[in-house]
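Novice: Per this note's numbering, numbering of the first sequence is gapless, rising by one per residue and ending at 797.
From the three backbone atoms N, C-alpha and C, an ideal C-beta is built for every residue, glycine too.
None of these values were measured; they are calculated from a predicted model.
Take this structure first; my questions come after.
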Amino acid sequence: MQNLLHNLNPEQLAAVTLPAQSALILAGAGSGKTRVLTTRIAWLIQTGQVSPSGIMAVTFTNKAAKEMLTRLSAMLPVSTRGMWIGTFHGLCNRFLRTHYRDCALPQTFQILDSQDQLSMIKRLLKANNIDDEKYPPKNLMYFINNAKDQGLRANRVEAHDPIERKMVELYELYDNQCQREGVVDFAELLLRAYELLERNQPLREHYQARFKHILVDEFQDTNDLQYNLLKLLAGHGQQVAGALFAVGDDDQSIYAFRGANVGNMSAFEREFRVENLIKLEQNYRSHGHILDSANHLIANNSKRLGKNLRTDAGHGEPVRIYEASSDLEEAQWIIEEAKSLMAEGALRREIAILYRSNAQSRVIEHALFAAGLPYTVYGGQRYFQRAEVKHAIAYLQLMDNPHNDSAFLRVVNFPTRGIGMRSIEALQAAAEQYGISLYAAVPYVAGKSGSSLNSFVKLVEGARFETQQLALPETVRLVLEASGLLQHYQNEKEGADRIENLEQMVNAATQFVQEEGFGQGAPAYMGPKAQASAGELILDGDGTEIIDADIPLNTIMSPLSAFLSHASLEAGDAQAQAGQDALQLMTVHSAKGLEFDAVFITGLEEGLFPHESSSREMDGVDEERRLMYVAITRARKRLYMSFTQTRMLHGQTRYNMKSRFFDELPEDALKWISPRVQSHWFGNKKSAWDDAKFSSGGSDNKIAQQIAQKAASGGPGWRIGESVEHAKFGEGVIVNIEGGGSNARAQINFGKAGMKVLDLSVAKLERVAR
DNA sequence: ACTACTAAGGTTTTT
DNA sequence: CCTTAGTAGT
Numbered sequence: 028m029q030n031l032l033h034n035l036n037p038e039q040l041a042a043v044t045l046p047a048q049s050a051l052i053l054a055g056a057g058s059g060k061t062r063v064l065t066t067r068i069a070w071l072i073q074t075g076q077v078s079p080s081g082i083m084a085v086t087f088t089n090k091a092a093k094e095m096l097t098r099l100s101a102m103l104p105v106s107t108r109g110m111w112i113g114t115f116h117g118l119c120n121r122f123l124r125t126h127y128r129d130c131a132l133p134q135t136f137q138i139l140d141s142q143d144q145l146s147m148i149k150r151l152l153k154a155n156n157i158d159d160e161k162y163p164p165k166n167l168m169y170f171i172n173n174a175k176d177q178g179l180r181a182n183r184v185e186a187h188d189p190i191e192r193k194m195v196e197l198y199e200l201y202d203n204q205c206q207r208e209g210v211v212d213f214a215e216l217l218l219r220a221y222e223l224l225e226r227n228q229p230l231r232e233h234y235q236a237r238f239k240h241i242l243v244d245e246f247q248d249t250n251d252l253q254y255n256l257l258k259l260l261a262g263h264g265q266q267v268a269g270a271l272f273a274v275g276d277d278d279q280s281i282y283a284f285r286g287a288n289v290g291n292m293s294a295f296e297r298e299f300r301v302e303n304l305i306k307l308e309q310n311y312r313s314h315g316h317i318l319d320s321a322n323h324l325i326a327n328n329s330k331r332l333g334k335n336l337r338t339d340a341g342h343g344e345p346v347r348i349y350e351a352s353s354d355l356e357e358a359q360w361i362i363e364e365a366k367s368l369m370a371e372g373a374l375r376r377e378i379a380i381l382y383r384s385n386a387q388s389r390v391i392e393h394a395l396f397a398a399g400l401p402y403t404v405y406g407g408q409r410y411f412q413r414a415e416v417k418h419a420i421a422y423l424q425l426m427d428n429p430h431n432d433s434a435f436l437r438v439v440n441f442p443t444r445g446i447g448m449r450s451i452e453a454l455q456a457a458a459e460q461y462g463i464s465l466y467a468a469v470p471y472v473a474g475k476s477g478s479s480l481n482s483f484v485k486l487v488e489g490a491r492f493e494t495q496q497l498a499l500p501e502t503v504r505l506v507l508e509a510s511g512l513l514q515h516y517q518n519e520k521e522g523a524d525r526i527e528n529l530e531q532m533v534n535a536a537t538q539f540v541q542e543e544g545f546g547q548g549a550p551a552y553m554g555p556k557a558q559a560s561a562g563e564l565i566l567d568g569d570g571t572e573i574i575d576a577d578i579p580l581n582t583i584m585s586p587l588s589a590f591l592s593h594a595s596l597e598a599g600d601a602q603a604q605a606g607q608d609a610l611q612l613m614t615v616h617s618a619k620g621l622e623f624d625a626v627f628i629t630g631l632e633e634g635l636f637p638h639e640s641s642s643r644e645m646d647g648v649d650e651e652r653r654l655m656y657v658a659i660t661r662a663r664k665r666l667y668m669s670f671t672q673t674r675m676l677h678g679q680t681r682y683n684m685k686s687r688f689f690d691e692l693p694e695d696a697l698k699w700i701s702p703r704v705q706s707h708w709f710g711n712k713k714s715a716w717d718d719a720k721f722s723s724g725g726s727d728n729k730i731a732q733q734i735a736q737k738a739a740s741g742g743p744g745w746r747i748g749e750s751v752e753h754a755k756f757g758e759g760v761i762v763n764i765e766g767g768g769s770n771a772r773a774q775i776n777f778g779k780a781g782m783k784v785l786d787l788s789v790a791k792l793e794r795v796a797r
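Below, the structure is given as structure tokens:
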């Protein structure tokens, strides 16, 4: 145990060894929160305070869960089996699989990803003759998910207008349809679990008694439903209450837009009467200037729980700031700078290029490609989301649960087998009439299309029959062949990649079978009847049996069902990641939780970062600031920030002001490495990698020339793109100039004060040198 | 059934 | 500007 706790700093040690009570750990960026979390679990078990089965640890991503398991098994001699460690969704899935009867789900219920959910909603609208102009499918999806994330069923959602009333109606129809098909969306996994626990007292009490310690990672990202679920599991307000150990950082709350509620932190503190609040403020990641910048910036947010990071590392390098004339030039500068970093010995994978929105990556990618630098863009298509993989999955889904209409529609005519729109419409009509799934409706469709449909059904049935005795990887292989998918892509000219992805699925299945204990030597799945004897049985007063969900998944689920939920719940990063040494490109959001030696934060312009849509939302800019805080704290040794005067967005050149966040950084931690006083349109070709060597003079770029020409018609001296100061509106950028001479009017973007059109002969404008 | 065109929409994202 | 989805034409 000694070596378990050594090397912890006093705050970490205090957190790890807290008594079994509710605790809130405010863990700053780079303060070792995963370490605290895992060491606490190990400590609890090693000191005999709890057995592994009394532990539940919840994360948001599979990656975090995996990381925790890995570290834990390195620390502990005992098996991590029996512990509930996973994502909210993963754990709820496990729970619902075990108690599928009690929550009225088929044993083979399947999980819709967002794609499936959206297409299902589109289908629903069509089937009910709803105008999708009036009710955009995306809005409806957002509406439904939002309600579910708040724990609200259709009958409890308040409608304020006719539109909403209709949406509530559609929400209900949607849920019914899901129920008929035996599918659940992501939010539903949590809501079902919550409802089951709430409704079923013996079950609730069983789990409350079981989980002595519930540990939650990234608590600031929990939504209302997740918090309520935790409350229920921890037995909040009960005699037998588990200890809820929440770790989070309110300054890194960047997911409000998808329902996360930072308020849960203070709610938790209040409702659980938290006496143990520990702040981890010692940062082990970044050098001083970087950390100062982060602290200084985030101090501009109100409503903080309060925290200031410190480091023992020295000041280190200053934060370098660069002003580019265009997004292209910004990209060019990044490349030069990255090259010189690498010349100094920096590893490519230790250099990250961050941006606020994905659209920004293109210009950078182009430049990187032209320069011949290897790079990886994160957050692209996930493995299990690729069309060809989804097709194969759909066949497997139909074999496991033929009532999944989404799966049916996806592959009924893919590869094409002569089942066109007319056949489908006839089928949908029949399904509608009898209130059954498309698959079940096939026998009711007569005629020619009926026979093609019949052969499709035979194909699925045949595959199901033939794979009964096969192991999962062989099942997958057979389906790839029997479905005709492999054949189909072989005939396609660009099909090689797709075939490779399909082949990869067999590997994914093999790996899954091994990792999840479906391999040889594992207890065989013996069907629903056998499962009662597999786990411990508890009988309540009514004689209802409660099976503890501790029994391994492989005894309650067929390998196929398990693999299918795996495919829905895990994007398949393991399949996608090649992991060679390359520059790392990603959004700031996806950089959360990562760290790099050198970080570029790009596009720091008003309207982009902070994003313009943030100003419309309540506390929107605060969230953008937290996002900036996350970005800054990713860097260990080197931090660069850049902004540009012109940027192509949606096909139009935009003239943005530099981000307000620059005003919120400590001057003495910064180094402006581009000329600050300069007419940027004429002159100054910058040699970016050498801070001192800035010469004026040089060639204009094309954009500058165009703009200069366009601006020639403007008033004396004023140019598009120029920064100006107005007594009332403050600093702004001239976006456009109309008319000429004394009639000249300028459209000026004043950022915070908005867009104004001013008469140049009247308005008092000052030139701003920057 | 497949190709070719047109229209719309374009923060952030995991499960 | 550029991608994607949906539709019209062959």
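Just tell me which of Leu-139, Arg-437, Asn-227 and Val-105 has its CA closest to the CA of Asn-120.
Specialist: Selected option, being the one with the closest Cα: Leu-139.
Novice: What span of residues does the alpha helix (DSSP H) with Asp-319 cover, start to end?
Specialist: Element bounds for Asp-319: 315-325.
Novice: Go through its chain and collect everything with a Cβ distance to Asn-172's Cβ below 6 Å, but skip five positions before and after it.
Specialist: For Asn-172, where only same-chain residues beyond five positions count, the Cβ hits under 6 Å are Ala-214.
Novice: What does Ser-788 pair with, by DSSP beta-bridge criteria?
Specialist: None, per the DSSP bridge assignment.
Novice: Within the continuous alpha helix (DSSP H) that includes Leu-218, where are the two ends?
Specialist: Segment 213-226, the alpha helix (DSSP H) holding Leu-218.
Novice: Find the nearest neighbour of Gly-372 within the set Ala-625, Arg-337, Asn-36 and Leu-621, judged by alpha-carbon distance.
Specialist: Among Ala-625, Arg-337, Asn-36 and Leu-621, the Cα nearest to that of Gly-372 is on Ala-625.
Novice: Buried or exposed for Ser-450, going by 16 or more other Cβ atoms inside 10 Å?
Specialist: When all chains shown are included, Ser-450 counts as buried.
Novice: Could you check where the alpha helix (DSSP H) with Val-274 kicks off and where it finishes?
Specialist: Taken as a continuous stretch (DSSP letters only), Val-274 belongs to no alpha helix (DSSP H), being part of the beta strand (DSSP E) at 270-275.
Novice: Ignoring anything shorter than 4 residues or poking outside the segment 355-424, list the alpha helix (DSSP H) runs there in chain order.
Specialist: Whole alpha helix (DSSP H) segments, 4+ residues: 388-398.
Novice: Between which two residues does the alpha helix (DSSP H) containing Met-584 stretch?
Specialist: No alpha helix (DSSP H) contains Met-584, which DSSP labels as neither H nor E.
Novice: Do Leu-499 and Leu-507 come within 8 Å of each other at the CB atom, strictly closer than that value?
Specialist: No; because the gap between Cβ atoms is not below 8 Å, this pair is not in contact.
Novice: Are Ser-669 and Ala-294 close, meaning C-beta to C-beta below 8 Å?
Specialist: The answer is no: Cβ separation not under 8 Å.
Novice: Could you round the C-beta distance between Gly-209 and Pro-133 to whole angstroms and report it? I think they count as a contact, below 8 Å.
Specialist: Confirmed, about 4 Å.
Novice: Helix, strand or coil: which one does DSSP assign to Arg-300?
Specialist: Residue state, collapsed to three classes: coil.
Novice: Is DSSP giving Pro-128 helix, strand or coil here?
Specialist: Pro is not the amino acid found at residue 128; the sequence shown has Arg there. Three-state result, Arg-128: coil.
Novice: Give me, in chain order, the residues of the same chain whose beta-carbon lies closer than 6 Å to that of Ala-47; leave out the 5 immediate sequence neighbours on both sides.
Specialist: Result list for Ala-47: Ala-270, in chain order.
Novice: Runs of 3 residues minimum, wholly inside the segment 603-640: which ones carry the beta strand (DSSP E) assignment?
Specialist: Here the runs fully enclosed are 610-614 and 623-628.
Novice: Could you check how far apart the C-beta atoms of Val-43 and Trp-70 are, in whole angstroms? I think they sit under 8 Å.
Specialist: The pair is a contact, with the Cβ atoms about 5 Å apart (cut-off 8 Å).
Novice: Alpha carbon to alpha carbon, how far is Glu-519 from Asp-608? Give it in angstroms, no decimals.
Specialist: Cα-Cα distance, rounded: 32 Å.
Novice: For the alpha helix (DSSP H) containing Leu-676, list its first residue and its last residue.
Specialist: Not the alpha helix (DSSP H): Leu-676 falls in the beta strand (DSSP E), residues 662-676.
Novice: Of the choices Gly-447, Ala-598 and Val-540, whose alpha-carbon is the least far from that of Val-416?
Specialist: Per the Cα distances, Ala-598.
Novice: By how many angstroms is the C-alpha of Ile-112 removed from the C-alpha of Val-503?
Specialist: Approximately 28 Å, taken between the alpha carbons.
Novice: Is it buried or exposed, Ala-414, if we count other Cβ atoms within 10 angstroms and call 16 or more buried?
Specialist: So Ala-414 ends up on the exposed side.
Novice: Based on DSSP bridge pairs, tell me the residues matched to Ser-353.
Specialist: Thr-673, per the DSSP bridge assignment.
Novice: Could you tell me the distance, in whole angstroms, from the CA atom of Glu-222 to the CA atom of Val-760?
Specialist: If I take the Cα positions, the gap works out to 54 Å.
Novice: What residue does the alpha helix (DSSP H) around Lys-153 start on, and which one ends it?
Specialist: Segment 141-154, the alpha helix (DSSP H) holding Lys-153.
Novice: Rounding to the nearest angstrom, what Cα-Cα distance links Gly-178 and Arg-124 in this structure?
Specialist: So the alpha carbons of these two residues sit roughly 20 Å apart.
Novice: Within 8 Å, do at least three Cβ pairs link the segment 464-479 to the segment 427-437?
Specialist: Flag = yes, the segment 427-437 and the segment 464-479 touch.
Novice: Considering only C-alpha positions, which residue in the set Arg-300, Asn-327, Asn-335 and His-323 is nearest to Asn-310?
Specialist: Asn-310 has its Cα closest to that of Asn-335, out of Arg-300, Asn-327, Asn-335 and His-323.
Novice: Does the segment 626-640 come close enough to the segment 378-394 to have 3 or more Cβ pairs within less than 8 Å?
Specialist: Output reads yes: the segment 378-394 touches the segment 626-640.
Novice: Looking at C-alpha atoms only, which residue of Tyr-471, Leu-257, Gln-253 and Arg-192 is the closest neighbour of Lys-239?
Specialist: Taking only the C-alpha atoms, the option nearest Lys-239 is Leu-257.
Novice: Is any heavy atom of the ligand NAD found at a distance shorter than 7 Å from the C-beta of Gly-620?
Specialist: Within the structure as shown, the ligand NAD is missing, as the structure has no ligands at all.
Novice: Is it the case that the segment 52-67 contacts the segment 241-254, given that we only count it when at least three CB pairs across the two stretches are under 8 Å?
Specialist: With the cut-off at 8 Å, the segment 241-254 and the segment 52-67 touch.
Novice: Gln-265 by DSSP, collapsed to three states: which one?
Specialist: If DSSP states are grouped into helix, strand and coil, Gln-265 belongs with coil.
Novice: Assuming contact is defined by CB atoms lying nearer than 8 Å, are Arg-681 and Glu-633 in contact in what I supplied?
Specialist: The answer is no: Cβ separation not under 8 Å.
Novice: Taking Arg-504 as part of the alpha helix (DSSP H), name the residues at either end of that continuous run.
Specialist: 499-509 is the extent of the alpha helix (DSSP H) around Arg-504.
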